[in-house]
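Numbering (my numbering), first residue to last: 1 to 386. Heads up, the beta-carbon is just placed ideally off N, CA and C, and yes, glycines get one too. On a predicted model such as this, the values are computed, not experimentally measured, just so you know. Data first, discussion second: the structure below is written as structure tokens.
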Ligand SMILES: [Zn+2]
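Structure follows, in structure tokens:
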């Protein structure tokens, strides 16, 4: 990198990022090609980092790629990863032009303004200041990862690219209103399938209803949720389970031989997919629910539980205090990529501008003052060293 690079303004960057669509299709195929995928935004970030003298590379496939760059400085004792996901949710129901960033009454509006393009804009602006002054004291890996909102494709690509060059700790930018977040629950979805014996409904006793078995499974999962309430994390409270979707049967005059449900299971730090599976199986066995099995458990985001006394939290607290911001660690109700990085041996926190109350909304916005404060915070973190 070269000393003397031009400082960039966080709001100019954010306007440009919001105007660059990077919609996660979330499994849909009906969205216009010109707004789908992270590549355009990854290329914008790559160009900005390139202008700062950093060698950014695109990793991953096709339109769903991520961007990674590294800024290293002689004498630095640790490497910080800042991950700011590139994707946004779709824009169908928006009441404003999602890609026309408008600033009004101290807010910048547009899709991704808050979740989470403001985080990337603050990071790039801070880097530009620090590199211009030649005051970088911490190695930093900048990652814009694809597909945070669905399967975590981007985290896998970023980790594969870094290989053995693992950063010491990570900040995932998400709208936390500039609070340092050490804990959130994980999200797993379990699919349960019930089987029965089909027959004519005029003689239901000749068969066995899969829907009746599934109904017992639903009640068992409700009871399991009550049991989970007894096991509380001191920060996050209890894990939960909730049946969200059911299906089954073919016609009123056929005793059904198949039915299924999808269940959302919020996991506490320390809980694993295997443990979730065993608990569901044990609950079904205890209540003698026949003919129901777990066909799949997918952990979308693992739980995050970072020790508040650990170096990442201490570094963030020091920077927050230096910037006159609240330094008390907290928790959030949503899942983040910080937990995926933590699972790969890179402990971390979540910290960023904006409020989750505005994320994914029809009139998404971020407070300009928070983007500016986040920029100052990143400057502090980059200049502080370890
Ligand atoms: Zn987000």
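Between ligand 1 and residue 145, a heavy atom-to-CB distance of less than 7 Å is absent.
Around the C-beta of residue 253, fewer than 16 other C-beta atoms lie within 10 Å, and the residue is accordingly described as exposed. Residue 241: not part of any alpha helix (DSSP H); member of the beta strand (DSSP E) spanning 240-248, first to last residue. Judged by DSSP in its simplified three-state form, residue 70 adopts strand. By the neighbour-count criterion, in which 16 or more other beta carbons inside 10 Å mark a residue as buried, residue 241 falls on the buried side. Take residue 288, set aside five residues on each side of it, and no residue of its chain has a beta-carbon closer than 6 Å to its own.
Three or more pairs of CB atoms, one per stretch, sit closer than 8 Å, so the region 131-144 contacts the region 50-66. Sorted by chain position, residues whose beta-carbon lies closer than 6 Å to a non-hydrogen atom of ligand 1 are 85, 115, 116, 148 and 174. Going by DSSP, residue 24 is part of no beta strand (DSSP E) at all; its letter is neither H nor E. Secondary structure at residue 267: strand, using DSSP grouped into helix, strand and coil. Apart from the 5 residues on each side of it in sequence, residue 126 sits with its Cβ closer than 7 Å to the Cβ of 375, 378, 379 and 382 in its chain, given in chain order. CA-to-CA, the gap between residue 290 and residue 210 works out to about 10 Å. Counting along the chain, residue 192 sits inside the beta strand (DSSP E) bounded by residues 186-195. A straight-line Cα-Cα distance of about 49 Å links residue 359 and residue 207.
Counting only the Cα atoms, residue 29 lies some 31 Å from residue 176.
Within the region 37-111, the complete alpha helix (DSSP H) segments at least 4 residues long are 39-51, listed from N- to C-terminus. In the structure shown, the three-state DSSP call for residue 229 is coil. Closest in alpha carbon position to residue 37, among 62, 58 and 15, is 62.
Following the DSSP letters along the chain, one finds residue 368 inside the alpha helix (DSSP H) bounded by residues 368-384. Under DSSP, residue 139 forms a beta bridge with 79. Excluding its 5 nearest sequence neighbours in each direction, residue 109 has C-beta neighbours in its own chain below 6 Å: 96, 102 and 365, listed in chain order. By the criterion of a C-beta distance shorter than 8 Å, residue 224 is surrounded in its chain by 241, 279, 280 and 283, once the five residues flanking it on both sides are discounted. Bounds of the alpha helix (DSSP H) holding residue 280 are 273-286. The beta carbon of residue 159 lies closer than 7 Å to those of 344 in the same chain, with the five residues before and after it left out.
DSSP, read as helix, strand or coil, puts residue 355 in strand.
In the structure shown, residue 211 falls within a helical segment according to DSSP collapsed to helix, strand and coil. Inter-residue distance for residue 19 and residue 268 is about 37 Å (C-alpha atoms, whole angstroms).
For residue 172, the enclosing beta strand (DSSP E) has its first and last residue at 169-172.
Judged by their CB atoms, residue 190 and residue 259 are not nearer to each other than the 8 Å cut-off. When rounded, the separation of the alpha-carbon atoms in residue 231 and residue 238 is 6 Å.
DSSP, read as helix, strand or coil, puts residue 330 in strand.
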